[in-house]
Amino acid sequence: MLVSWRYRERPGSLIQSFDPRAWWVFYACFLFSTLVFWDFRYLLFFFAIALFFVLTSRITWRESRRAWTFIGFFILFYTTLTFLTGRGGMEVYEQETLITSIQAPFSIFGWTPTIEITVERIFFAISQFLRLFSISSMTILIPYSLNPAHYGVAFHGLGMPDKFAYAMDLTMRFIPTFGRDFQLTLDAQRARGYELEKLSGGLVAQVRKMAPLIIPVTIHALIGSEDIIDAMDLRSFGVGKRTWLEKLTYRLRDYFLIPLGVLILVGSITLSLFGFGKFWVPPGMQEKYAAWVDVPKNRQEAIDMAMRACAAAHSTPEEQPAVSVAKLTTWGEAAKSLPAAAQQPDSFALKDTYWLVVLQGKWEHPGPVSVEPEKMPIFNRCILLIDIYNGERTLISD
Amino acid sequence: MDKKLISVALSLVGVLVFFLLIIWIGGMMNESLQLDETALLRFVFVIIGLLIVFVVFYLTRENEIWQVGTREVVYMAIGAALYAVFSFLFNGTVFVLPSVSQVALRPAIVIPMFFGYTFGPVVGFFTGAVGNMFGDALTGFGLSPQWSIGNGLVGMVAGMVYLFKDKKRSLDTVLIVSGVLAALATLIYLLNRNLANMLYYDVENNIFGDAQISLIAGLSLGIGFLLVLAVRYFYRKNIEVTAAVTWAMLGNIIGIGFAAISDIWINGFSFPVAIVGEFIPAAGPNLIFAAVLLPMLVIAYQSVRRQSGR
Chain A
190 MLVSWRYRER
200 PGSLIQSFDP
210 RAWWVFYACF
220 LFSTLVFWDF
230 RYLLFFFAIA
240 LFFVLTSRIT
250 WRESRRAWTF
260 IGFFILFYTT
270 LTFLTGRGGM
280 EVYEQETLIT
290 SIQAPFSIFG
300 WTPTIEITVE
310 RIFFAISQFL
320 RLFSISSMTI
330 LIPYSLNPAH
340 YGVAFHGLGM
350 PDKFAYAMDL
360 TMRFIPTFGR
370 DFQLTLDAQR
380 ARGYELEKLS
390 GGLVAQVRKM
400 APLIIPVTIH
410 ALIGSEDIID
420 AMDLRSFGVG
430 KRTWLEKLTY
440 RLRDYFLIPL
450 GVLILVGSIT
460 LSLFGFGKFW
470 VPPGMQEKYA
480 AWVDVPKNRQ
490 EAIDMAMRAC
500 AAAHSTPEEQ
510 PAVSVAKLTT
520 WGEAAKSLPA
530 AAQQPDSFAL
540 KDTYWLVVLQ
550 GKWEHPGPVS
560 VEPEKMPIFN
570 RCILLIDIYN
580 GERTLISD
Chain B
8 MDKKLISVAL
18 SLVGVLVFFL
28 LIIWIGGMMN
38 ESLQLDETAL
48 LRFVFVIIGL
58 LIVFVVFYLT
68 RENEIWQVGT
78 REVVYMAIGA
88 ALYAVFSFLF
98 NGTVFVLPSV
108 SQVALRPAIV
118 IPMFFGYTFG
128 PVVGFFTGAV
138 GNMFGDALTG
148 FGLSPQWSIG
158 NGLVGMVAGM
168 VYLFKDKKRS
178 LDTVLIVSGV
188 LAALATLIYL
198 LNRNLANMLY
208 YDVENNIFGD
218 AQISLIAGLS
228 LGIGFLLVLA
238 VRYFYRKNIE
248 VTAAVTWAML
258 GNIIGIGFAA
268 ISDIWINGFS
278 FPVAIVGEFI
288 PAAGPNLIFA
298 AVLLPMLVIA
308 YQSVRRQSGR
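Note that the protein sequences, when read in sequence, are chains A and B. Quick note, this note's numbering runs 189 ahead of the 1-based positions in the first sequence. Quick note, this note's numbering runs 7 ahead of the 1-based positions in the second sequence.
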């Protein structure tokens with residue numbers, strides 16, 4: 190009943206020289222660490238690790254061709270799709286810097302296909318490619334390089350109760366079997382005229398038409414399970430403390446691999462907790478292509494601009510104001526230094542980048558004429574926020 | 008057992024303290040270090056989900072439904088493998104199934120429901136959680152552990168039927184509870200009809216979870232509920248079928264509800280967005296599949312059992 194994954198002994202393969210338990214730990218750490226980041230500089234590190242293990246795995250192209258084609262196709266498909274439409278990346282960036290837009294030389298019913306190439310889309314596509322490749326290639330390695338005989342004992346060694354370890358073992362072994370059963374059932378039903386691709390009718394009718402696939406595969410699996418249950422019962426499964434045929438022993442290299450994985454994971458989570466590794470685009474690129482509208486180029490220009498703006502909005506300061514903060518930041522972070530009354534520009538601006546300049550000084554606000562001179566409000570801080578994309582300025586004083 | 012439990016709890020506390028320390032030290036070094044909780048929250052919700060499972064288990068630990076024998080081990084493995092294979096095949100990358108006015112055809116969900124109902128909550132939970140995990144791994148994309156737990160809860164709740172001595176009497180309560188929850192969700196939809204269906208992707212038409220939810224998708228939970236009522240009426244002589252569908256409905260609402268609501272904190276959705284954009288488009292079609300496919304599976308399995316005499 191069982192069809193196996195394509196495992197075989199590969200002398201000299203690095204990944205196979207590790208203990209499966211150590212490998213699972215490392216894999217889990219790797220997976221979670223990769224998912225934390227969107228910054229392609231960080232992702233390059235994981236990409237390098239994945240590439241290193243793939244190249245040292247001794248898995249030949251010939252035997253893994255289908256798997257690689259499959260994931261290669263989907264990674265390229267998804268990455269290109271996101272790149273062309275720019276839709277998928279909307280979660281991690283909100284502002285785009287247009288490099289060029291390519292218009293098709295024709296139009297269909299008044300619609301001209303246009304591809305907008307932006308800095309963010311390019312780097313999002315790169316990040317996405319690195320992420321997907323790292324995760325899926327590390328996943329592909331598992332069935333090729335983990336001995337199926339070690340599945341159960343490895344999960345047991347990771348602290349799972351025997352029964353659950355065995356259930357995990359069986360799950361991994363059943364997956365290719367059921368995949369094949371599904372294909373057989375699909376072929377058999379197709380031979381009878383069933384067409385999965387051309388479901389028709391209303392909603393319920395369409396759902397009903399899934400039954401000829403789902404039900405035979407499920408019921409066949411359950412009937413087939415009786416043999417396995419019998420075989421396990423005859424060997425007194427679960428009666429006493431279980432012993433495993435294979436014994437796993439950690440070697441020196443495993444004692445390096447596990448801490449390495451844990452270190453990567455802890456490091457990644459720590460970095461991400463502090464906000465590192467979010468989507469990143471080289472500021473140079475953004476600057477180069479940004480449609481600048483009187484946007485400060487550096488810190489000094491931002492400060493000068495704030496000095497002028499504050500002087501214009503209020504009276505001339507009595508003493509030369511001192512700069513307390515001047516930095517590039519997001520509205521979310523800037524809000525910490527803002528008076529509570531400051532409103533955020535709009536709901537999507539939290540991640541936008543601003544120059545934040547806080548000046549300490551003394552300004553008298555001219556205010557309405559009716560205010561008597563001694564009641565004239567005095568401001569001690571003048572805060573200027575400059576949107577680095579469009580130069581939009583927000584002035585706040587308190 | 009108890010010693011193990013204590014050591015697990017201690018190590019969890021240790022991890023928590025470690026990260027709190029990091030945050031504290033980081034905050035002392037540089038005040039502008041901003042905490043990004045998204046990654047952490049996923050695991051918080053996985054732990055919350057597991058705690059729910061544990062509490063339910065602890066309160067009913069005397070009951071024999073929590074016993075795991077040879078059969079259960081094999082059924083767990085079969086369920087999880089089937090769920091992984093089906094969700095891999097039907098998730099839109101291998102077979103692109105048409106969606107009927109935004110209701111994507113993802114029939115795999117009946118697997119955890121069926122296994123949970125037929126073989127008990129442990130099998131159901133394992134099938135949903137592990138199956139979803141492997142399904143994600145097969146595709147090689149993303150990882151949302153809180154959705155794995157949510158899928159696990161679907162299977163687990165479906166299997167809670169065995170906590171009741173009288174299946175028939177449990178049905179009305181479950182039906183009313185699910186009906187009220189479904190009605191509430193539908194009401195939220197009716198009040199927020201312009202929200203986007205975030206689970207609807209149509210590459211050809213350039214829609215990536217941002218199209219306004221269609222009327223059918225918005226009402227799908229209500230449609231599913233009506234279908235369940237219809238199943239109760241048509242199969243009123245077969246208690247197994249009606250019980251399976253009714254309990255699967257509750258499991259679906261609770262499990263998917265858990266995952267969608269956790270996204271309020273994880274992805275920063277507002278409550279209506281989580282309900283209308285995520286919960287309804289996931290739970291509604293699931294319920295329709297449950298109402299249509301689950302009776303067939305249960306009946307097919309009944310006849311197999313009669314033949315084999317087990």
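C-beta: ideal position from N, C-alpha, C; glycine also. All of these numbers come straight from a predicted model, not from anything done at the bench.
Is the beta carbon of residue j closer than 9 Å to that of residue i?
i, j, result
"alanine 136 of chain B", "serine 151 of chain B", "no"
"isoleucine 248 of chain A", "serine 202 of chain A", "yes"
"aspartate 208 of chain A", "leucine 434 of chain A", "no"
"proline 119 of chain B", "glycine 138 of chain B", "yes"
"alanine 290 of chain B", "leucine 228 of chain B", "yes"
"threonine 223 of chain A", "arginine 320 of chain A", "yes"
"isoleucine 273 of chain B", "leucine 48 of chain B", "yes"
"leucine 527 of chain A", "isoleucine 230 of chain B", "no"
"tyrosine 478 of chain A", "leucine 287 of chain A", "yes"
"leucine 584 of chain A", "tryptophan 544 of chain A", "no"
Suppose you measure from the CA of residue i to the CA of residue j; what does that come to, to the nearest Å?
i, j, result
"glycine 466 of chain A", "proline 472 of chain A", "15 Å"
"valine 62 of chain B", "serine 325 of chain A", "35 Å"
"proline 342 of chain A", "valine 80 of chain B", "Correcting the residue identity first, residue 342 of chain A is valine in this sequence and not proline. If you take the alpha carbons of valine 342 of chain A and valine 80 of chain B, they lie about 15 Å apart."
"asparagine 259 of chain B", "isoleucine 268 of chain B", "13 Å"
"leucine 411 of chain A", "arginine 431 of chain A", "25 Å"
"tyrosine 196 of chain B", "leucine 222 of chain B", "9 Å"
"valine 351 of chain A", "threonine 542 of chain A", "The question names valine, yet the displayed sequence has aspartate at residue 351 of chain A. Spanning the two alpha carbons is a distance of roughly 53 Å."
"glutamine 509 of chain A", "valine 308 of chain A", "40 Å"
"tyrosine 65 of chain B", "leucine 57 of chain B", "12 Å"
"threonine 269 of chain A", "glycine 159 of chain B", "34 Å"
"isoleucine 572 of chain A", "asparagine 487 of chain A", "17 Å"
"arginine 570 of chain A", "methionine 496 of chain A", "12 Å"
"aspartate 576 of chain A", "tyrosine 439 of chain A", "55 Å"
"valine 428 of chain A", "leucine 234 of chain B", "44 Å"
"alanine 501 of chain A", "valine 512 of chain A", "17 Å"
"alanine 356 of chain A", "threonine 77 of chain B", "10 Å"
"valine 22 of chain B", "isoleucine 13 of chain B", "14 Å"
"isoleucine 329 of chain A", "serine 323 of chain A", "10 Å"
"isoleucine 306 of chain B", "leucine 244 of chain A", "51 Å"
"leucine 19 of chain B", "methionine 399 of chain A", "43 Å"
"threonine 374 of chain A", "alanine 380 of chain A", "10 Å"
Taking the beta strand (DSSP E) that residue i belongs to, which residues open and close that run?
i, result
"glycine 550 of chain A", "542-553"
"aspartate 576 of chain A", "567-576"
"arginine 582 of chain A", "582-586"
"valine 428 of chain A", "That residue, valine 428 of chain A, is in no beta strand (DSSP E); it is neither H nor E in DSSP."
"serine 151 of chain B", "Segment: none, serine 151 of chain B is in no beta strand (DSSP E) and carries neither H nor E."
So the alpha helix (DSSP H) residue i belongs to, where does it begin and stop?
i, result
"alanine 239 of chain A", "229-244"
"lysine 174 of chain B", "174-198"
"leucine 452 of chain A", "441-462"
"serine 513 of chain A", "Serine 513 of chain A -> not in any alpha helix (DSSP H); beta strand (DSSP E) instead, spanning 511-519."
"serine 94 of chain B", "77-97"
"tyrosine 124 of chain B", "117-126"
"serine 269 of chain B", "246-273"
"tryptophan 433 of chain A", "It is not in any alpha helix (DSSP H) - tryptophan 433 of chain A carries neither H nor E in the DSSP assignment."
"isoleucine 324 of chain A", "308-334"
Measure how close the beta-carbons of residue i and residue j come, nearest whole angstrom, since I'm counting them as under 8 Å.
i, j, result
"tyrosine 333 of chain A", "serine 253 of chain A", "6 Å"
"valine 547 of chain A", "isoleucine 492 of chain A", "With 8 Å as the limit, valine 547 of chain A and isoleucine 492 of chain A do not qualify as a contact, their Cβ atoms being about 10 Å apart."
"phenylalanine 121 of chain B", "leucine 304 of chain B", "5 Å"
"serine 246 of chain A", "isoleucine 304 of chain A", "About 38 Å separates the two Cβ atoms, so there is no contact after all."
"tyrosine 383 of chain A", "proline 401 of chain A", "6 Å"
"arginine 397 of chain A", "valine 299 of chain B", "6 Å"
"alanine 251 of chain B", "tyrosine 124 of chain B", "4 Å"
"threonine 136 of chain A", "alanine 16 of chain B", "This structure cannot speak to residue 136 of chain A, because chain A is shown only from 190 to 587."
"tyrosine 82 of chain B", "serine 414 of chain A", "7 Å"
"phenylalanine 176 of chain A", "glycine 450 of chain A", "Outside the displayed range of chain A (190 to 587) lies residue 176 of chain A, so it cannot be described from this structure."
Please tell me whether, using a cut-off of 8 Å, the distance from the CB of residue i to the nearest non-hydrogen atom of the ligand NAD is below it.
i, result
"leucine 145 of chain B", "Questions concerning the ligand NAD fall outside what the structure shown contains, since it holds no ligand whatsoever."
**Request:** Determine, using beta-carbon pairs with one atom in the region 399-416 of chain A and one in the region 438-452 of chain A, whether at least three such pairs fall under 8 Å.
**Result:** no
**Contact between the region 86-98 of chain B and the region 170-185 of chain B (3+ Cβ pairs under 8 Å)** = no
**Asked** Can at least three beta-carbon pairs, one atom from the region 163-183 of chain B and one from the region 282-292 of chain B, be found at a separation below 8 Å?
**Response** no
**Item:** Cβ contact check for the region 292-299 of chain B and the region 197-205 of chain B: 3 or more pairs under 8 Å
**Value:** no
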